[in-house]
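Since the structure comes first, as structure tokens, the remarks are kept for the end.
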Amino acid sequence: MHKILVTGGAGYIGSHTVVELINSGFEVVIVDNFSNSSPNSIDGIEAITGVRPKLYEADCSDATAMERLFSAEGNILGVIHFAALKAVGESVDKPLDYYRNNLLSTINMMQMLKEFGGKYMVFSSSCTVYGQPDVLPVTESTPRKPAMSPYGNTKRVGEDIIQDTVNSEKGIYAISLRYFNPIGAHPSALIGELPLGKPDNLVPFITQTAAGIREKLQIFGGDYDSPDGTAIRDYFHVVDLARAHVLALKRMIDGKCKGNYEVFNVGAGRGITVLEIVKTFERVTGVKINYEIVGRRAGDIEKVWADTTLAEKELGWSTESTLEESLLTAWNWERRLRKI
Ligand code: UD1
Numbered sequence: 000m001h002k003i004l005v006t007g008g009a010g011y012i013g014s015h016t017v018v019e020l021i022n023s024g025f026e027v028v029i030v031d032n033f034s035n036s037s038p039n040s041i042d043g044i045e046a047i048t049g050v051r052p053k054l055y056e057a058d059c060s061d062a063t064a065m066e067r068l069f070s071a072e073g074n075i076l077g078v079i080h081f082a083a084l085k086a087v088g089e090s091v092d093k094p095l096d097y098y099r100n101n102l103l104s105t106i107n108m109m110q111m112l113k114e115f116g117g118k119y120m121v122f123s124s125s126c127t128v129y130g131q132p133d134v135l136p137v138t139e140s141t142p143r144k145p146a147m148s149p150y151g152n153t154k155r156v157g158e159d160i161i162q163d164t165v166n167s168e169k170g171i172y173a174i175s176l177r178y179f180n181p182i183g184a185h186p187s188a189l190i191g192e193l194p195l196g197k198p199d200n201l202v203p204f205i206t207q208t209a210a211g212i213r214e215k216l217q218i219f220g221g222d223y224d225s226p227d228g229t230a231i232r233d234y235f236h237v238v239d240l241a242r243a244h245v246l247a248l249k250r251m252i253d254g255k256c257k258g259n260y261e262v263f264n265v266g267a268g269r270g271i272t273v274l275e276i277v278k279t280f281e282r283v284t285g286v287k288i289n290y291e292i293v294g295r296r297a298g299d300i301e302k303v304w305a306d307t308t309l310a311e312k313e314l315g316w317s318t319e320s321t322l323e324e325s326l327l328t329a330w331n332w333e334r335r336l337r338k339i
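Residue numbers (numbering that gives the first Met the number 0): 0 to 339.
Next up, the structure:
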């Protein structure tokens with residue numbers, strides 16, 4: 000059985016990916032420092048798959064701890080690297096925390112693959128590397144733009160660190176997946192997104208408003224160039240994103256890569272406004288959302304969505320869940336969590 004280390008495996012995207020990996024026959028080892036996740040997600044993974052993955056509570060930016068982990072495990076074939084800080088606004092206030100955490104952890108993972116004979120890396124990148132693109136939808140060859148935040152810069156530099164490393168180490172392969180906006184939760188409602196404190200992201204804010212935890216959703220910006228004036232993103236289901244990681248890993252294991260380093264956009268390939276998300280949520284759940292349209296959020300771009308042709312062609316990946324299903328699973332998860 001192939002042993003895969005999943006960093007940040009207790010987190011939102013990480014936990015869903017661990018489930019898909021286990022269901023595809025991989026042996027999974029998780030490392031997580033629980034800085035923005037809960038050990039409860041390990042129970043959720045076990046309840047869904049019947050397998051309790053081995054867990055190390057450690058910080059991936061701690062090189063000594065990573066040496067210890069890799070040497071204890073012995074035969075880690077690949078790493079799926081999620082562990083990172085991800086709040087755009089916070090990164091502006093705490094740039095050193097973001098650079099230290101996100102970049103050191105990435106450097107350590109590449110170093111460990113090299114030292115311990117691991118071969119594969121799947122990196123959690125982001126559409127943030129495109130900034131506000133001049134042409135939509137964005138393809139993988141759309142030029143990256145200077146990052147708008149330290150967070151965004153860690154994704155851009157993270158990609159570069161990985162690409163440069165695999166270029167110099169011919170036995171290591173890497174795929175960066177540039178995610179657009181993953182939403183929703185596992186259909187079992189046993190794992191999902193669990194933001195600590197006030198959510199930054201749209202869908203958890205909507206579900207918390209629907210659950211009565213937040214009084215009102217603020218929609219940031221009503222004067223964008225879009226059909227209803229609110230900003231456009233490419234939302235898609237987190238389980239579909241999780242499957243993309245398994246396909247990326249299998250592509251490398253099966254020797255199907257074109258070169259040592261590849262990049263794929265992962266999204267639904269369709270732009271949706273914030274108001275459309277709110278209206279669709281209301282329609283599928285029957286719950287009204289109290290909202291107001293306020294000024295733009297600093298650092299937000301106007302619109303972005305993906306061209307996913309490459310992922311379809313090369314990975315055999317496309318979304319399986321609809322927007323409606325995605326929003327409904329997000330709500331079912333919130334309801335289970337709040338016992339409503
Ligand atoms: C951003 C980054 C993404 C990063 C993610 C992590 C970009 C293009 N995307 O996603 O790379 O991984 O943060 O957190 O830089 N909104 C509201 N009210 C709210 C919350 C959000 O109106 O309370 C709006 C935002 O203004 C935006 C949309 O909803 O238009 C989506 O926001 P969010 O879920 O935070 O994701 P991004 O900002 O797209």
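Glycine included, C-beta positions come from ideal geometry on N, C-alpha and C.
Everything numeric in this text was worked out from a predicted model, so none of it was measured.
CB of residue i within 8 Å of CB of residue j, strictly
i	j	result
L314	A243	yes
C59	T16	no
L68	K302	no
L112	I171	yes
V27	G49	no
P226	T272	yes
D239	G268	no
F122	I75	no
L176	V265	yes
Y234	I182	yes
H236	V18	no
E56	F33	yes
G294	I231	no
L201	I276	yes
F263	I205	no
A146	Y260	no
L20	I41	no
E158	S124	yes
W304	A310	no
V12	S187	Note that residue 12 is Ile in the sequence shown here, rather than Val. No, these two residues do not count as a Cβ contact at 8 Å.
Sheet register partners of residue i (DSSP bridge)
i	result
K2	E26
E291	Q217
T272	I231
N264	R177
D31	E56
Y172	Y119
H236	I182
S70	Its beta-bridge partners do not exist; DSSP assigns none.
A86	Per DSSP, none; premise fails for A86.
S125	Y178
G340	In the structure as shown, the chain starts at 0 and stops at 339, and residue 340 therefore has no counterpart that could be examined.
V137	A305
Candidates the options, of which the one nearest residue i by Cα
i	options	result
D299	D222, Y11, L322 and N331	D222
V87	P149, E311, L322 and L336	P149
G211	W330, A71, I41 and H1	W330
G73	E114, G13, V245 and K312	E114
Y119	G10, E168 and P94	E168
R349	L309, T284 and E311	Because the chain spans 0 through 339 in this model, residue 349 falls outside it and cannot be assessed.
G117	S124, E66, C126 and T308	E66
I190	S37, E214, F179 and K53	S37
Below-8 Å beta-carbon distance, residue i vs any chain D residue
i	result
T284	The chain inventory of the structure shown lacks chain D, comprising one protein chain alone.
Check: residue i C-beta below 7 Å from any heavy atom of the ligand SAH
i	result
S320	No copy of the ligand SAH occurs in the structure displayed; its ligands are the ligand UD1 alone.
Notebook entry, point to check: Is it true that the stretch 100 to 113 meets the stretch 76 to 84, where meeting means three or more beta-carbon pairs spaced less than 8 Å apart?
Noted result: Output reads yes: the stretch 76 to 84 touches the stretch 100 to 113.
| said: Three Cβ pairs or more, each shorter than 8 Å: is that satisfied between the stretch 138 to 146 and the stretch 189 to 205? | reply: Below 8 Å, too few C-beta pairs join the stretch 138 to 146 and the stretch 189 to 205 to call them touching: fewer than three.
Original post:
Touch check for the stretch 153 to 160 and the stretch 216 to 232: three-plus C-beta pairs under 8 Å?
Top reply: As far as the Cβ criterion goes, the stretch 153 to 160 does not touch the stretch 216 to 232, which means the pair count is below three.
query: Is the number of C-beta pairs between the stretch 248 to 264 and the stretch 323 to 330 that are closer than 8 Å three or more?
result: Short answer: they don't touch.
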